[in-house]
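For reference, the structure is listed below as structure tokens.
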Amino acid sequence: MLKIDFLKQEKALYAPSVVTPCWVDVPPMNFLMIDGEGDPNTSAVYKESVEALFTMSYALKFKVKKGELAIDYGVFPLEGLWWADNMNDFKNGNRECWKWRMMIRQPDFVSGEFVAETRAEVLKKKQLEALNLMRFGGFSEGKCAQILHKGPFSDEGPTIRRLHDFIQASGYKLCGKHHELYLSYIRKAASEKWRTVIRQGGK
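In structure tokens, the structure reads:
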């Protein structure tokens, strides 16, 4: 059986420096995605959306492993795009006004038809309304700068400023949405050990 560790194969995307921001060209990729809004700390929809994304991602993984492809691979980390209609609400931490897109990348060999078939199977077993909000599709970022943040989300401010300063010092303007990739299993790891890739487009 073929085993694939995508995070090791694609270190440029998932293992930036914690000290120095870097540029990376992010290719088009396919994701399971759910859009929502509100405070992620209190929103029941947010919590169920994350659960639905992981439920589907693991269902797809095991179906691929047991099927004709017979490929064993690690599920990609949860990712989040964050923004607000008034970006001051985002900068000031007014989470009730935040909008988000939570998503988990899927390997290229996972097709839309395969996702639809698997979702129908999962819906028979799991009563997760967020499964009906989920969509499968492509997402492309292109040229981005990124850096690794270690520690709780509440301490990201200086890391984000360092990333933004790097983009502007390079002669570019910020573009796209604030993007985070959550490499740690936060329910088990201590918050000071959380590892988050922070990514921002530049043009």
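By my numbering, the letter at position 76 of the sequence shown is numbered 64, and the numbering carries on one by one without gaps.
No residue lacks a Cβ here, since even glycine has one placed at the ideal position from N, Cα and C.
By the beta-carbon neighbour count (other beta carbons within 10 angstroms, threshold 16), Ala133 is buried.
Of Val52, Ala72, Glu56, the smallest CA-CA separation from Val63 is found for Val52. By the CB criterion at 8 angstroms, Trp70 and Gly139 fall outside the cutoff.
Under the Cβ criterion (8 angstroms, minimum of three pairs), the segment -3 to 11 does not count as touching the segment 76 to 90. Taken atom to atom, the span from the alpha-carbon of Pro15 to that of Ser128 is near 6 angstroms. In summary, Phe154 is buried, with 16 or more beta-carbon neighbours lying within 10 Å of its beta-carbon over all protein chains present. Asp13 has Lys131 as its beta-bridge partners, per DSSP. A residue is called buried once 16 or more other Cβ atoms fall within 10 Å of its Cβ, and Glu109, having fewer, is exposed. The beta strand (DSSP E) runs of length 3 or more contained entirely in the segment 16 to 49 are, from start to end of the chain, 17 to 25. Look at Arg150 here: in three-state DSSP terms it is helix. In the DSSP secondary-structure assignment, Glu168 is bridged to Gly68, Ile186.
Here DSSP, grouped into helix, strand and coil, assigns Tyr61 to strand. Under the three-state reduction of DSSP, Gly145 is assigned to helix. Within the same chain, Leu69, Trp70, Trp71 come within 7 angstroms of Lys165 by CB-CB distance, once the 5 residues on both sides are set aside.
In the three-state reduction of the DSSP assignment, Lys79 falls in the helix class, which pools H, G and I. Rounded to whole angstroms, Met91 and Lys35 show a C-alpha spacing of 13 angstroms. Exclusion of the five residues before and after Ala47 leaves Thr106, Val110 as the residues of its chain whose Cβ lies within less than 6 angstroms of its Cβ.
The continuous alpha helix (DSSP H) containing Lys(-4) extends over residues -6 to -3. Nearest to Pro65 by C-alpha distance, out of Asn74, Phe50, Pro95, Glu56, is Pro95.
The beta carbon of Lys114 sits closer than 7 angstroms to the beta carbons of Thr43 from its chain, once the five residues preceding and following it are set aside; these are given in chain order.
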